[in-house]
Ligand SMILES: [Ca+2]
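Residue numbers (our numbering): 1305 to 1799.
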């Protein structure tokens, strides 16, 4: 499967969406899960599901999609008296249902998409997705038509929509096949990865296994923090060109590459790479000269946001990650071009003003609204509750995996969360009994890059849940342009 082609045609603000597809994509290690109810056939017609009665739920349609071999049910769930509309799509295989349900996550502000059902249905899963209460991938739903905060919409997107999808999906499967799914899985990356961990935190009975790629957890911290590179450049009146950002990344990789013993363009442990961009001062980058000011900007981006008194706010991007998505610039003279999701979060969630102009931001304003972000939205979309004991105690399993050159979500935030989980859940060994983290060197938010891409994650999850075989390793593969595997490496669970 060629991910590159799929990604290059997408706008940057859709990168988070695209990774979802990668997170759940088929791989060489894919095998058809064995049927849990061999020979089972539907006990009711697809059309008759329209009559199914569920609380606060209207089934809009139930139609056979012959091309995709599924009965596609579209339902609307609401939460009176709010008047919200959470749209849910459930795909039920017409034949060869394998007895399982799979929930699919979204990307960015997008809750999910009906297109994500097909891959699961083709492998025999009943599958679900939801728009989490708003259409499309913009964060504008956070304000209502009067410019006031749309709290129900924020809640639906933060945690409730995925739960509603799961309730509806399991009920429909039971009505269609006469049996409830024996196992349920959630797969997602980025926002999807966050949604999966939110389910484990808030609704521990929903899923047996959750695979969470580069999860967008710590959302109020890291999404607000992703405007930091622009604030730094703005405050210093020094917008740094893409060529200089790339030169600094390349220099960091060159400096730290062989610390792991293998010179392969990959920093295996970027947390130990302390390359100082001052080393580049005076170097020629194209027609430009790398300056002291450029080094200061890049140092601050790698360091991550700090309060004016110097104290820690959040993690910076790892050395080796592409700096341009967050430190984007364009025009002549260079102007800042903030990442779209970061900007929409600041506009609709923090400033709560559709006309807000980010270039008015100072260090003081950044600090103030970042703090507000954590206080106001931590409980609804923070997804950083480390107490997963309820999920663990009912037998749930989690695999988290995160690229160490992720240019959109610093992997350090995921490590931070996992360490807190270890403290809360009885230490490293006890935590590994139900939740494992795999860090993937040299790959970005789409698990691409000079490093190798993990494979077979979802299969590993099925073996863990259904056969009790915990994943002691994952296999990562590097492929060339023709799809041939040129390198494989083992990924071991953190630490
Ligand atoms: Ca290396």
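Cβ coordinates follow ideal geometry from the N, Cα and C atoms, glycine included.
Heavy atom of ligand 1 within 7 Å of residue i beta-carbon
| i | result |
| --- | --- |
| residue 1509 | no |
| residue 1566 | yes |
| residue 1585 | no |
| residue 1572 | yes |
| residue 1562 | yes |
Assumed close pair residue i, residue j - CB separation to whole angstroms, cut-off 8 Å
| i | j | result |
| --- | --- | --- |
| residue 1415 | residue 1457 | In fact, because the Cβ distance is near 11 Å, the residues do not count as touching under 8 Å. |
| residue 1471 | residue 1436 | Their Cβ separation, rounded to whole angstroms, is 14 Å, which puts residue 1471 and residue 1436 out of contact at 8 Å. |
| residue 1765 | residue 1513 | 4 Å |
| residue 1518 | residue 1497 | 6 Å |
| residue 1540 | residue 1597 | 6 Å |
| residue 1504 | residue 1692 | 5 Å |
| residue 1346 | residue 1481 | 6 Å |
| residue 1380 | residue 1362 | 5 Å |
| residue 1430 | residue 1477 | 4 Å |
| residue 1376 | residue 1407 | About 16 Å separates the two Cβ atoms, so there is no contact after all. |
| residue 1742 | residue 1639 | Wrong, their Cβ atoms sit about 39 Å apart, outside the cutoff. |
| residue 1594 | residue 1585 | 6 Å |
| residue 1492 | residue 1516 | 7 Å |
| residue 1421 | residue 1469 | About 11 Å separates the two Cβ atoms, so there is no contact after all. |
| residue 1479 | residue 1348 | 6 Å |
| residue 1444 | residue 1667 | Actually they are not in contact, since the Cβ atoms of residue 1444 and residue 1667 sit about 27 Å apart, beyond 8 Å. |
| residue 1494 | residue 1411 | 5 Å |
| residue 1592 | residue 1636 | In fact, because the Cβ distance is near 13 Å, the residues do not count as touching under 8 Å. |
| residue 1463 | residue 1770 | About 27 Å separates the two Cβ atoms, so there is no contact after all. |
| residue 1393 | residue 1418 | 4 Å |
| residue 1656 | residue 1340 | In fact, because the Cβ distance is near 48 Å, the residues do not count as touching under 8 Å. |
| residue 1247 | residue 1483 | Residue 1247 lies beyond the range of the chain shown here (1305 to 1799); nothing can be said about it. |
| residue 1629 | residue 1616 | Rounded, the Cβ-Cβ distance is 23 Å, inconsistent with contact. |
From the options, residue whose alpha carbon lies closest to that of residue i
| i | options | result |
| --- | --- | --- |
| residue 1583 | 1571, 1575, 1572 and 1599 | 1599 |
| residue 1620 | 1613, 1717 and 1596 | 1717 |
| residue 1386 | 1401, 1460, 1555 and 1695 | 1460 |
| residue 1404 | 1418, 1455, 1687 and 1336 | 1336 |
| residue 1654 | 1676, 1701, 1636 and 1641 | 1676 |
| residue 1605 | 1669, 1657 and 1538 | 1538 |
| residue 1508 | 1454, 1663 and 1702 | 1702 |
| residue 1571 | 1378, 1747 and 1425 | 1747 |
| residue 1662 | 1495, 1672 and 1650 | 1650 |
| residue 1785 | 1754, 1795 and 1630 | 1754 |
| residue 1745 | 1646, 1794 and 1423 | 1794 |
| residue 1740 | 1776, 1450, 1679 and 1710 | 1776 |
| residue 1575 | 1586, 1589, 1607 and 1590 | 1607 |
| residue 1560 | 1623, 1590 and 1543 | 1623 |
| residue 1690 | 1506, 1637, 1591 and 1635 | 1506 |
| residue 1370 | 1410, 1360, 1341 and 1426 | 1426 |
| residue 1588 | 1569, 1552, 1567 and 1563 | 1552 |
| residue 1609 | 1659, 1567, 1353 and 1535 | 1535 |
| residue 1720 | 1533, 1522 and 1648 | 1522 |
| residue 1485 | 1510, 1462, 1647 and 1494 | 1510 |
| residue 1796 | 1341, 1789 and 1778 | 1778 |
| residue 1802 | 1670, 1428 and 1467 | The question about residue 1802 has no answer, for the chain in this structure spans 1305 to 1799. |
| residue 1798 | 1344, 1573 and 1354 | 1573 |
| residue 1735 | 1355, 1364, 1715 and 1699 | 1699 |
| residue 1254 | 1708, 1402 and 1360 | With the chain represented from 1305 up to 1799, any question about residue 1254 goes unanswered, as that position is not in the structure. |
| residue 1525 | 1627, 1392, 1713 and 1566 | 1713 |
| residue 1569 | 1341, 1418 and 1782 | 1782 |
| residue 1763 | 1350, 1424, 1364 and 1707 | 1424 |
| residue 1756 | 1789, 1729, 1774 and 1672 | 1789 |
Heavy atom of ligand 2 within 7 Å of residue i beta-carbon
| i | result |
| --- | --- |
| residue 1768 | For the structure depicted, ligand 2 is absent and the ligand set comprises only ligand 1. |
Below-8 Å beta-carbon distance, residue i vs any chain C residue
| i | result |
| --- | --- |
| residue 1515 | Judged by its chain identifiers, the structure shown contains no chain C, having just a single protein chain. |
Could you name each continuous alpha helix (DSSP H) segment of 4 residues or more that falls completely within the segment 1422–1473, going from the start of the chain to the end?
You should have 1455–1459.
Let me know the alpha helix (DSSP H) ranges lying completely inside the segment 1363–1429, each 4 residues or longer, listed in chain order.
Along the segment 1363–1429, the alpha helix (DSSP H) occurs as fully enclosed runs of 4 or more residues at 1421–1426, listed in sequence order.
List in chain order: all unbroken beta strand (DSSP E) runs of 3+ residues lying wholly within the segment 1695–1753.
For the segment 1695–1753, whole beta strand (DSSP E) runs of length 3 or above, ordered along the chain, are 1701–1707 and 1739–1744.
Output the residue ranges of the alpha helix (DSSP H) runs that lie fully inside the segment 1513–1582 and measure 4 residues or longer, sorted by chain position.
1523–1529, 1532–1539 and 1546–1560, all fully within the segment 1513–1582.
Beta strand (DSSP E) segments (min. 3 residues) lying fully within the segment 1591–1671
Listed in chain order, nothing qualifies, since the segment 1591–1671 has no complete beta strand (DSSP E) run of 3 or more residues.
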